[in-house]
Amino acid sequence: MSETIFSQKKFSGKEAIARVAEIGKMVHTMEGDLDEIKNGKAEPKMSFDEKKEGGTNAPFAQEKGMNTASPFGVKIEQNKIPEDGLVQGNKLENGLKEIIPATLTVEQPKKSKKWLFLLCAILFLAGSLGAAWYFFFDGRRFFVPAPPLLDEISKEDQVKDPLEVPEREKIPFALDKPNYLSINTETATPESILALFFQTSRRAKEAEITVPVEFYITDHNNNPLAFSRLAFLLKLNVDPELLLHLDESFSLYVFNDGEDFRFGFVFALKDSAAASTLLQKTESSLPQFFQPFLGVMISKQEVFQSSVYKEYTVRYSNLDISKNISIDYTIYNNRWYVGTSKNTLRALLDRNQE
C-alpha cells in the first residue's frame, strides 16, 4: 500500500482522482471524533482506575486514593479523575472541557534526629580527647610516682661499698667543713667534757665515717674556746711554757682507725721554731699531757723516735701496740699536728695538705 501511495508514477486524470479518493479514506481526522462527542455517539472510554482494576501491568501502579511514594522524600498527589474518564474543567467554545493537568504536592522531609545524635557524638569525642591530653601532658607535671617497694630493691643495691661515703642524710656531721661542739664553761667538769668528746666519736663510728671529722670547741655563747682555757677545764698536765707558744685557735678531730676512733689535734703556733725546740726537750711528757684522750693509763715518761711520712718528719712513741695507741706529732707550716695513733696523724696531714 505504501508503495502505491507514495509511488512516483504519473496517472491519468481519472486514475489520479481515484487515488485521491482512496487516500482520503485512509486519513483519519479529529473532526469525526468531535462530531461523535457532540452528538453523544462516542464510545465510553475506560477510566484510569478501571484500567488499574483490570489488571494493568504498569510498574508504578498504586492503590486508589494513595499517594505515589518518592525515594527522595517527595510526596506526589494526583488530581482525582472522574469515573467518566474526563477531567472536569471549564467548557470551551467547541464544546470540549478544559483538561486540568495533575498537580504535584511536594512535602519537605522532616529533619532527622541523626544530626542531633551526630552532634552529641562529636562533643563527647572532643571532651574525651581533651581529658586525655590533660592527663598525659599537663597532668603529668603533678603526678608523683610512688616509692619502690623493698622487694623491688635488688641485692646488688643492698651490698655496701666499704669505700663509699654514706649518704648525707645519714651523716650527723659535716665532712667538708668544721663542726661545732659547745661547752658550758660555767658548769662543765672534766668528766662531762670528756663524755661529750667520746660520745661524738661514737656517733661518727656508728655513721661509718672513714675520714677525719673536724670540730671547733665553743663556749655556751658560741664563742671560740682557746686551748689554754680547755686545758684548764680538763686539768691537763701540760707544760705552762708550751702553752705560751700555742695560739688560741685549734681544731679537734675524730678519726676511724680500724675498729676504734682516735683523737687528733691541730694547733696554730706563734713561733714554730721556738715551739720545735721546746718540744724536743719536753716531748717525753706528752703522753701524760694527752692521757685523757688516749683511753689508757700512762705512769712513766716515754721515749720518742723519728720517722718520715712523705715530706714530713714525724716523732712518735708507741704506748700500746696491741691497741694501736701512740703519740705521733710533727710541725709543718707553723702548725703542730698531733695524733693518738700513726694513721690518725697521717690522715690529718693528708686532709690539710688537700
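In case it helps, the numbering used here puts the sequence shown at residues 342 to 695.
By construction, the Cβ of each residue, glycine as well, lies at the ideal position given by its N, Cα and C atoms.
Fill in: Which listed residue (F631, N675, I672 and N674) has its alpha carbon closest to that of I666
F631
Worksheet item: Should V679 go down as buried or exposed, given a rule of 16 or more other Cβ atoms within 10 Å for buried?
Response: buried
Worksheet item: With DSSP run on the structure shown, which of helix, strand or coil describes P565?
Response: strand
Worksheet item: Can you tell which of S613, T618, Y650 and S569 has the C-alpha that lies nearest to the C-alpha of S592?
Response: S569
Worksheet item: Terminal residues of the continuous beta strand (DSSP E) containing K591?
Response: The sequence shown places Phe at residue 591, not Lys. L587 to D598 is the extent of the beta strand (DSSP E) around F591.
Worksheet item: How long is the line joining the alpha carbons of V447 and L464, rounded to whole angstroms?
Response: Confidence in V447 is poor, its pLDDT being 48 and thus under 50, which makes the residue's placement unreliable; the coordinate value appears in the next sentence. Answer to the nearest angstrom: the Cα atoms are 35 Å apart.
Worksheet item: Quick one: what does DSSP say L660 is sitting in, helix, strand or coil?
Response: strand
Worksheet item: Of all the options Q642, D560 and R676, which has the alpha carbon lying nearest to the alpha carbon of L714?
Response: This structure cannot settle anything about residue 714, because the visible part of the chain is limited to 342 through 695.
Worksheet entry | Terminal residues of the alpha helix (DSSP H) in which L457 lies | K455 to W474
Worksheet item: Is there contact here, the stretch 575-586 with the stretch 539-551, by at least three beta-carbon pairs under 8 Å?
Response: no
Worksheet item: What does a CB cutoff of less than 6 Å around S590 pick up in its chain, not counting 5 residues either side in sequence?
Response: A609
Fill in: Three-state class that DSSP yields for T654 in the structure shown
strand
Practice prompt. Report the partner residues of A609 according to the DSSP bridge assignment.
Written response: R676
Worksheet entry | Identified DSSP bridge partners for I524 | D560
Fill in: For F602: DSSP bridge partner residues
N597
Worksheet item: For the alpha helix (DSSP H) that N684 lies in, which residues bound it at each end?
Response: K683 to Q694
Worksheet item: Q646 by DSSP, collapsed to three states: which one?
Response: strand
Item to complete: Count the C-beta pairs between the stretch 556-566 and the stretch 597-607 that are closer than 8 Å, then say yes if the count reaches three, no if not.
Response: no
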